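One structure is given here, and the rest of the page talks about it.
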Amino acid sequence: MSTERQVPARYYARLMEVVRAMDIDTDALIADSGIAADALAEPEGTISLAQIENLLAATQAATGRSDLGLALAAALKLTSHSAVSYGILSSPTAGYALGLVARFFSLILPTFRVRYGCRDNTMRLTLTPAAGMSHACFAFHLELIVACVHRELHDLIAGDMPPYDVHFSIETPPHVARYDSLREMRTHFGVMGQPGADMIWPRDLASRPLAMSDPTALRMAESRCAEMLERARVSEGVAAWVGMMLREAHGPPPGHCELAAALNISSRTLDRYLQKEGTSFRELSKQARKDRAGDLLSQDRLSVTEIAMELGYADAANFSRAFRRDTGLTPSQWRQQPPAAPN
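Numbering (this note's numbering), first residue to last: 621 to 963.
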């Protein structure tokens with residue numbers, strides 16, 4: 621299976637415009653990231669996820685800013701999403717517009733999945749990663765998507781947004797004060813067990829009519845999006861995605877069957893895909909467990925017992941035994957001699 625995921629370049633071209641306004645040499649950032657300048661200039665150009673990782677790392681280093689996802693969201697408009705924009709604008713209700721976004725989100729950013737639904741008294745949009753990526757890249761895109769959805773839904777309903785909640789899997793960022801500008805949003809960081817975010821509004825917002833509703837334009841936009849989606853369907857690697865889902869989870873990691881269900885495949889099919897990529901769920905789980913434990917131990921802010929609870933172990937003794945089995949060191953020995961810990 622191919623792991624070279626291609627992503628629309630338009631958002632990163634806009635990011636470079638935002639960074640250029642900070643008096644940063646974006647030509648150097650683009651070249652150093654291995655991206656051809658014309659790839660960003662092309663309206664339908666694409667770049668690889670690896671190139672995006674390089675560009676974000678270089679840009680964050682050059683600017684010294686952790687809030688680039690929010691900065692980019694503020695610079696995007698409802699018309700920034702190619703054919704999907706026309707479907708959003710011509711939707712009859714706010715709920716229909718969010719459902720359309722969920723159906724065609726892979727045309728916007730194929731590195732994430734979006735689910736939409738209403739239950740009890742809430743309308744909910746759930747974001748989860750669809751590709752393996754670094755934590756910095758994941759956090760950038762998660763904040764970007766959440767802020768974009770907020771701003772664009774705000775515009776669709778002419779600013780009449782009720783207070784609502786967003787639950788993030790990522791920890792509170794250094795720039796959390798920037799969320800104050802998204803007035804109706806109540807943010808809750810580090811509370812989702814699985815990587816991603818949940819945006820939860822009162823259910824009656826789903827039926828809110830939109831001023832630009834146009835059934836004919838909507839049919840044309842949905843037809844166009846469906847054609848584009850069919851052309852874009854390709855087989856893709858899953859090992860990096862499984863590894864990231866295990867690494868980014870809070871509390872007990874997702875199970876084998878749970879991850880297969882998230883991909884709409886059977887556990888046996890997931891095993892075949894991983895085998896083709898030269899690994900297995902067991903190996904990925906073992907590596908993710910070591911990585912998460914090592915990261916928490918290196919931060920030196922939690923006790924061994926607290927880390928055991930964070931990782932889903934019944935007690936510190938079980939965690940210590942598992943960590944020693946994986947690394948050859950006890951948690952206390954690892955903290956005293958971190959360079960000696962195996963990779």
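We treat Cβ as the ideally placed atom computed from N, Cα and C, and that holds for glycine.
Bear in mind the structure is a predicted one, so any value in this text is a computation, not a measurement.
Could you tell me which residues DSSP pairs with Ser668 in its beta bridges?
Residue 668 sits at position 48 when you count from the first residue of the sequence shown. Beta-bridge pairing links Ser668 to Gln626.
Any idea if Asp687 is buried or exposed, counting beta-carbon neighbours within 10 angstroms, 16 or more meaning buried?
Position 67 of the sequence shown, counted from the start, is the residue given in the question as residue 687. Asp687 comes out buried.
Are the CB atoms of Gly932 and Met864 nearer to each other than 7 Å?
Position 312 of the sequence shown, counted from the first residue, corresponds to residue 932. Position 244 of the sequence shown, counted from the first residue, corresponds to residue 864. No, these two residues do not count as a Cβ contact at 7 Å.
What did DSSP end up calling Phe725 once you bin it into helix, strand or coil?
As a working mapping, residue 725 is identified with position 105 in the sequence shown. Reduced to three states, the DSSP call for Phe725 is helix.
Proximal residues to Ala767 (C-beta, below 8 Å), its chain only, five neighbours per side dropped
By 1-based counting over the sequence shown, the position of residue 767 is 147. Taken in chain order, the residues that qualify are Gly689, Leu690, Ala693, Ala694, Leu802.
Where does Thr889 sit, in a helix, a strand or coil, going by DSSP?
Taking the first residue of the sequence shown as position 1, residue 889 is located at position 269. DSSP places Thr889 in helix when its eight states are reduced to three.
Phe788, enclosing beta strand (DSSP E) - first and last residue:
The residue you call residue 788 lines up with position 168 of the sequence shown. Run containing Phe788: 784-788, per the beta strand (DSSP E) assignment.
When the Cα atoms are used, what is the spatial distance from Thr713 to Leu649?
Here residue 713 refers to the residue found at position 93 when the sequence shown is read from its first residue. Here residue 649 refers to the residue found at position 29 when the sequence shown is read from its first residue. Going from the Cα of Thr713 to the Cα of Leu649 covers about 41 Å.
Anticipated Cβ contact below 8 Å, Phe732 with Ile765, distance rounded
The residue given as residue 732 occupies position 112 in the sequence shown. The residue given as residue 765 occupies position 145 in the sequence shown. Indeed, because the Cβ distance is near 6 Å, the residues count as touching under 8 Å.
With DSSP as the reference, label Ala656 as helix, strand or coil.
Counted from its first residue, the sequence shown places residue 656 at position 36. In this structure, Ala656 counts as coil in the three-state DSSP scheme.
With a cut-off of 8 Å on the beta carbons, I'd call Thr666 and Val627 a contact; round off their distance for me.
Mapped onto the sequence shown, residue 666 falls at position 46. Mapped onto the sequence shown, residue 627 falls at position 7. Here Thr666 really is in contact with Val627; their C-beta atoms are around 6 Å apart, less than 8 Å.
Who does Leu807 pair with in a DSSP beta bridge?
Within the sequence shown, residue 807 is the residue found at index 187, counting from 1. At residue 807 the sequence reads Thr, which differs from the Leu that was named. Beta-bridge pairing by DSSP links Thr807 to Val786.
Leaving out five residues on either side along the sequence, give the residues of the same chain with a beta carbon under 7 Å from the beta carbon of Asp1012.
This structure does not reach residue 1012, given that the chain is present from 621 up to 963, and the question cannot be answered.
With three or more C-beta pairs closer than 8 Å as the rule, is the segment 787-797 touching the segment 824-843?
No: the two stretches stay apart, fewer than three of their Cβ pairs being nearer than 8 Å.
Do you know offhand how far Ile820's Cα is from Ala846's?
Position 200 of the sequence shown, counting from 1, holds the residue named residue 820. Position 226 of the sequence shown, counting from 1, holds the residue named residue 846. Approximately 27 Å between the Cα atoms of the pair.
Would the segment 654-663 and the segment 726-743 be scored as touching if the rule is three or more Cβ pairs under 8 Å?
Fewer than three beta-carbon pairs drawn from the segment 654-663 and the segment 726-743 are found closer than 8 Å, and the two stretches are therefore not classed as touching.
Go ahead and pull the three-state DSSP assignment for Thr742.
Along the sequence shown, one-based indexing puts residue 742 at 122. Thr742 falls in the strand class under three-state DSSP.
Considering only the alpha carbon of each residue, which of Val924, Arg909, Leu916, Glu926 lies closest to Arg945?
Start at 1 with the first residue of the sequence shown, and residue 945 comes out as number 325. Checking every option, the nearest Cα to that of Arg945 belongs to Arg909.
What residue from Ser918, Ser886, Ala942, Ser700 has the CA that sits closest to Ser905's CA?
Along the sequence shown, read from residue 1 onward, the residue named residue 905 stands at position 285. Scanning Ser918, Ser886, Ala942, Ser700 for the CA closest to the CA of Ser905 turns up Ala942.
For Gly707 and Leu838, which I take to be in contact (beta-carbon distance under 8 Å), what is that distance rounded to the nearest angstrom?
Numbered from its first residue, the sequence shown carries residue 707 at position 87. Numbered from its first residue, the sequence shown carries residue 838 at position 218. Yes, they are in contact, since the Cβ atoms of Gly707 and Leu838 sit about 6 Å apart, within 8 Å.
With DSSP as the reference, identify every bridge partner of Val734, one or two as the case may be.
For the purposes of this step, residue 734 is identified with residue 114 of the sequence shown, where counting begins at 1. Val734 is bridged to Leu747.
State the Cα-Cα distance for the pair Pro951 and Thr699, rounded to the nearest angstrom.
Reading the sequence shown from its first residue, position 331 is the one you call residue 951. Reading the sequence shown from its first residue, position 79 is the one you call residue 699. The straight-line gap from Cα to Cα measures roughly 51 Å.
Can you check which of these residues, His701, Asn741, Gln814, His761, is closest to Glu772 by C-alpha distance?
As a working note, residue 772 is residue 152 in the sequence shown. Closest in alpha carbon position to Glu772, among His701, Asn741, Gln814, His761, is His701.
What's the gap between the Cα of His876 and the Cα of Ser887?
Counting from one through the sequence shown, the residue named residue 876 turns up at place 256. Counting from one through the sequence shown, the residue named residue 887 turns up at place 267. Straight through space, the alpha carbons of Ser887 and His876 are spaced by roughly 7 Å.
Do the CB positions of Gly715 and Ala826 come within less than 7 Å of each other?
Taking the sequence shown and counting its residues from 1, one reaches residue 715 at position 95. Taking the sequence shown and counting its residues from 1, one reaches residue 826 at position 206. The answer is yes: Cβ separation under 7 Å.
Backbone CA spacing between Val769 and Ser726 [nearest angstrom]:
Position 149 of the sequence shown, counted from the start, is the residue given in the question as residue 769. Position 106 of the sequence shown, counted from the start, is the residue given in the question as residue 726. Rounded to the nearest angstrom, the gap between the Cα atoms of Val769 and Ser726 is 15 Å.
Out of Lys896, Phe809, Met840, Ala633, state which residue places its alpha-carbon closest to the alpha-carbon of Glu763.
The sequence position of residue 763 within the sequence shown is 143, counting from 1. Nearest of Lys896, Phe809, Met840, Ala633 to Glu763, Cα basis: Phe809.
Would Asp834 pass as a contact of Ser754 if the rule is Cβ separation under 7 Å?
Taking the sequence shown and counting its residues from 1, the one referred to as residue 834 is at position 214. Taking the sequence shown and counting its residues from 1, the one referred to as residue 754 is at position 134. Here Asp834 is not near Ser754, since their CB atoms are 7 Å or more apart.
Using only the alpha-carbon positions, how far apart do Lys697 and Leu669 sit?
Translated into the one-based positions of the sequence shown, residue 697 becomes position 77. Translated into the one-based positions of the sequence shown, residue 669 becomes position 49. Whole-angstrom Cα-Cα distance: 23 Å.
Taking 7 Å as the limit between beta carbons, can you name the residues of its chain near Ile644, skipping five residues before and five after?
Translated into the one-based positions of the sequence shown, residue 644 becomes position 24. So the qualifying residues of the chain are Ala682, Thr683.
If you compare alpha carbons, which of Tyr631, Ser923, Gln956, Leu917 is closest to Phe760?
Here residue 760 refers to the residue found at position 140 of the sequence shown. With distances taken between Cα atoms, Phe760 lies closest to Tyr631.
Which residue's Cα is closest to the Cα of Val786: Met636, Phe939, Leu745?
One-based indexing of the sequence shown puts residue 786 at position 166. Leu745 is the residue among Met636, Phe939, Leu745 whose C-alpha sits nearest the C-alpha of Val786.
The alpha helix (DSSP H) that contains Ile708, what's its start and end?
Taking the first residue of the sequence shown as position 1, residue 708 is located at position 88. Per DSSP, Ile708 is one residue of the alpha helix (DSSP H) stretching across 703-709.
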